[in-house]
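Take 1 as the starting number for the sequence shown in the numbering used here and just add one per residue. By construction, the Cβ of each residue, glycine as well, lies at the ideal position given by its N, Cα and C atoms.
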Amino acid sequence: MRFAFWYVVMSGSGARTWVLGSYSAQDCIFKVFDLKNYPMLYSSSDENVEEIKISPGIMLLILTKASSHVPLKILSIEDGTVLESFNHLLHQTKKVDCIELFIEKLLVEQENENLQIIVVRNSELIEVSRSEFMSLSAFIFLYENQLFLTFRNRTVTVWNLRGELVTSFEDHLLWHPDCNTNYIYITRNQDLIISYCKADSDVPLSDGNGTYLLDC
1 MRFAFWYVVM SGSGARTWVL GSYSAQDCIF KVFDLKNYPM LYSSSDENVE
51 EIKISPGIML LILTKASSHV PLKILSIEDG TVLESFNHLL HQTKKVDCIE
101 LFIEKLLVEQ ENENLQIIVV RNSELIEVSR SEFMSLSAFI FLYENQLFLT
151 FRNRTVTVWN LRGELVTSFE DHLLWHPDCN TNYIYITRNQ DLIISYCKAD
201 SDVPLSDGNG TYLLDC
């Protein structure tokens with residue numbers, strides 16, 4: 001298995017550097033390249049990497065899950081320095097639906113459990129009741145506003161990092177039932193959401209789209 005990821009690194013002067021990363025499960029090595037002239041910035045070897053998540057300035061390595069916990073590492077994007085390395089405790093019999101990195105907070109969702117928001121620097125834990133936070137299909141992060149969107153069927157909800165519901169609204173029926181975020185676009189100003197949706201039932205062969213103002 002091999003996968004790639006890319007992201008933008010902002011320097012102190014505001015300059016942008018496009019960076020490409022790749023991971024080969026066969027070789028257990030991930031490499032990070034500067035896309036300006038394609039030099040390799042650094043590489044690292046870890047045979048237990050299952051997923052890589054990216055957030056501004058940092059990356060999260062999700063390692064092979066143990067029976068009671070999942071090992072996690074947070075690295076600096078610029079040079080690969082390990083900033084944090086810790087185990088996150090899990091409910092042993094519950095499936096892990098997702099682990100996401102948003103700025104310096106982890107969002108962890110397990111089957112039929114509360115959503116957990118963990119502040120990495122001090123291990124503060126915030127929980128959102130599963131009665132309020134339905135099992136979801138996808139996340140989209142709004143870094144400028146420090147909010148995140150969740151999608152489930154027709155419902156779009158907007159949350160802050162204190163686990164508080166900011167707003168929610170009904171979307172059109174999304175074209176892909178698994179809510180692939182490749183078909184959902186947020187404008188640069190993060191004030192509009194454009195989604196690729198199913199058309200009205202009376203025009204069964206046509207595609208549709210929906211545009212909504214994100215008043216957050």
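Have a look at the DSSP bridge pairing and note the partners of residue i.
i	result
T150	F139 and T157
L75	M59 and V82
Y185	I194
Consult DSSP for residue i and reduce its assignment to one of helix, strand or coil.
i	result
F33	strand
V128	strand
H88	strand
F133	coil
C98	strand
S45	strand
Looking at residue i: is its Cβ nearer than 8 angstroms to the Cβ of residue j?
i	j	result
E170	T155	yes
I117	L90	no
I249	G80	Here the chain has residues from 1 to 216 only, and residue 249 is not among them.
E50	L60	no
I77	I52	no
K31	S45	no
Which term fits residue i, buried or exposed, when burial requires 16 or more other beta carbons within 10 angstroms of its beta carbon?
i	result
S131	exposed
L75	buried
T150	buried
E109	buried
S129	exposed
V158	buried
L205	In this prediction, L205 has a pLDDT of 38, which is less than 50 and means its spatial position is unreliable; what the coordinates show is noted afterwards. By the neighbour-count rule (16 or more Cβ atoms within 10 Å), L205 is not buried but exposed.
S195	buried
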